[in-house]
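Using the numbering used here, you'd call the opening residue of the sequence shown number 171 and step up by one each time.
To keep things clear, I will list the structure first and then write my remarks on it.
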Amino acid sequence: MHSITGNYPYCENQDFTGESRRVIMIPETVRSPDQSVVEAEPFKNLVSEGQVVALFTDDELCEYYLMKVTHPLSSSTKVTKDQWGAVITQNTEVFTGLYDDKVGENRYSLIRSPYAIVPVASILYIFAQIDSSKDTIKVPEYLHTSILECVNMSKDAR
């Protein structure tokens, strides 16, 4: 995502569907030591089974959701509705996993059922430092703050 002026972010690749706007993030580019442009690894390729990810939500009662990824990246072959009621359109890239329930300040407990199917585009943050083998996790304050910054950027882009 790039900023034209001030605090007005925009996305170069976007399309409109009905009353909602779909925003497709563009991978950042970086310069190598020899100043050639190097494309960053697509975000979706950095997520693997067993990792915990933060998800964007429009739920006013929750700033973001946490999910433990249980099944790798796939593409929906038909319109799908998961057991949480989320509807995934055909040909949407998705991950499957288990949600975490917020049980305290920055503390989350794994919900063992039902499984959630989430679009790749809803992933805000990939936790490399969180031990996903435990049923209860604590998100350090600095990571919580980083995720909230991602949430705010996503809301501004929508």
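Don't be surprised by glycine CBs; every beta carbon is placed ideally from N, CA and C.
Cβ-Cβ distance between residue i and residue j below 8 Å
i      : j      : result
Lys238 : Gly267 : yes
Ser302 : Phe226 : no
Val290 : Leu243 : yes
Ile300 : Val222 : yes
Arg277 : Lys304 : no
Asp252 : Ala224 : no
Contact test: residue i Cβ vs the ligand GDP heavy atom, cutoff 7 Å
i      : result
Leu294 : The ligand GDP is not part of the structure shown, which contains no ligands of any sort.
Bounding residues of the beta strand (DSSP E) (the contiguous stretch that carries residue i)
i      : result
Glu263 : Glu263 to Gly274
Ile293 : Ile293 to Phe297
Between the CA atoms of residue j and residue i - distance to the nearest angstrom
i      : j      : result
Leu318 : Glu233 : 7 Å
Asp326 : Ile281 : 30 Å
Ile296 : Ser246 : 22 Å
Leu294 : Val321 : 7 Å
Ser218 : Asp270 : 17 Å
Asn215 : Glu263 : 11 Å
Pro310 : Thr240 : 23 Å
Thr306 : Leu313 : 16 Å
Paired residues, beta bridge with residue i - DSSP
i      : result
Leu280 : Asp270
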